[in-house]
Amino acid sequence: MSLLTHTENSEYEATEWLGVDRNTTGHVAVVASPNTGKIMKLAKSGQHIHGKYKHIRKNLQKRDGYGIKLEDLKGIRKNKKQANLFRYSLNSWSFYQLQMMIEYKAKLLGVPIAYIDPAYTSRSCSRCGHIGNRNIKSFQCPSYGHVEHADVNAAFNIALSPNIVRFATESDDAKGNTGIPKAAMIRKQSTVEPQAL
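Heads up: take any position in the sequence shown, counting from 1, add 263, and you land on the numbering used here.
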């Protein structure tokens, strides 16, 4: 029985960043490129997501110099003000699995991943930085007048944020600091049976 191995490319230094806003309702994720102004909305359908990721991987392979920024959502589960649905999604296996897939594929391509402080990414205007009005999936800036889909606005804020909290590195795994939600670990352990391997 042979094992498949994948060689990882050495990580390059990013000159541009893509912002990825992961969501609990609506689109699974919204990707924004401030450099080109392009956005990609990843839908709910598994087959559709698979096709979109294939397209994103091809684009990332063509665009050297891009890195990926995600929100560092580790501490957000402790915030009691978060809605129950959002807390449930953060603790679900699929939400964590999306993050792990992004990290895995990026590592294979040598794409750097940075995590930013999530504070105000969905409430700040991506054009002027002022706090705006978010109403479910709509964002409006009272200062600048900018109106945008709320997740698109958040994805641009994530990409443009200078507040990098940490980079995804092997040392996180080595220290046991993977940020795996406790509920996700419990579910993972209960679904993996030794006899099923």
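Think of the CB as a built atom: it goes at the ideal place given N, C-alpha and C, for glycine as much as any other residue.
Pop quiz: residue i and residue j are said to be a contact at Cβ under 8 Å. What is the actual Cβ separation, rounded to whole angstroms?
i           : j           : result
residue 382 : residue 284 : Contact flag wrong, Cβ pair sits at about 14 Å.
residue 295 : residue 410 : Actually they are not in contact, since the Cβ atoms of residue 295 and residue 410 sit about 16 Å apart, beyond 8 Å.
residue 366 : residue 431 : 5 Å
residue 413 : residue 397 : 5 Å
residue 226 : residue 305 : Because the chain in this structure spans residues 264 to 460, residue 226 falls outside the shown range and cannot be described.
residue 370 : residue 289 : Not really, about 28 Å apart at Cβ, beyond 8 Å.
residue 402 : residue 392 : So it is not a contact: roughly 13 Å between Cβ atoms.
residue 360 : residue 333 : No, residue 360 and residue 333 are not in contact; Cβ-Cβ is about 14 Å, not under 8 Å.
Check whether the Cβ atoms of residue i and residue j sit closer than 8 Å, and answer yes or no.
i           : j           : result
residue 421 : residue 376 : no
residue 408 : residue 274 : no
residue 385 : residue 423 : no
residue 271 : residue 328 : no
Per DSSP, what are the beta-bridge partners of residue i in this structure?
i           : result
residue 282 : 295 and 332
residue 419 : DSSP, once it has assigned bridges, lists no residue as partnering residue 419.
residue 326 : Partner(s): none; residue 326 has no beta bridge.
residue 364 : The partner list for residue 364 (beta bridge, DSSP) is empty, contrary to what the question assumes.
residue 396 : 403
residue 275 : Note: residue 275 sits in no beta bridge, so no partner.
residue 304 : 293
What is the DSSP secondary structure of residue i, reduced to helix, strand or coil?
i           : result
residue 412 : strand
residue 369 : helix
residue 383 : coil
residue 317 : helix
residue 359 : helix
residue 337 : coil
residue 436 : Reliability of the predicted coordinates at residue 436 is poor, the pLDDT of 46 falling under 50, and no value is obtained from them.
residue 390 : coil
residue 431 : coil
Looking at chain C, is there any beta carbon in it that lies within less than 8 Å of the beta carbon of residue i?
i           : result
residue 361 : Protein chain content of the structure displayed is limited to a single chain, and chain C is not contained in it.
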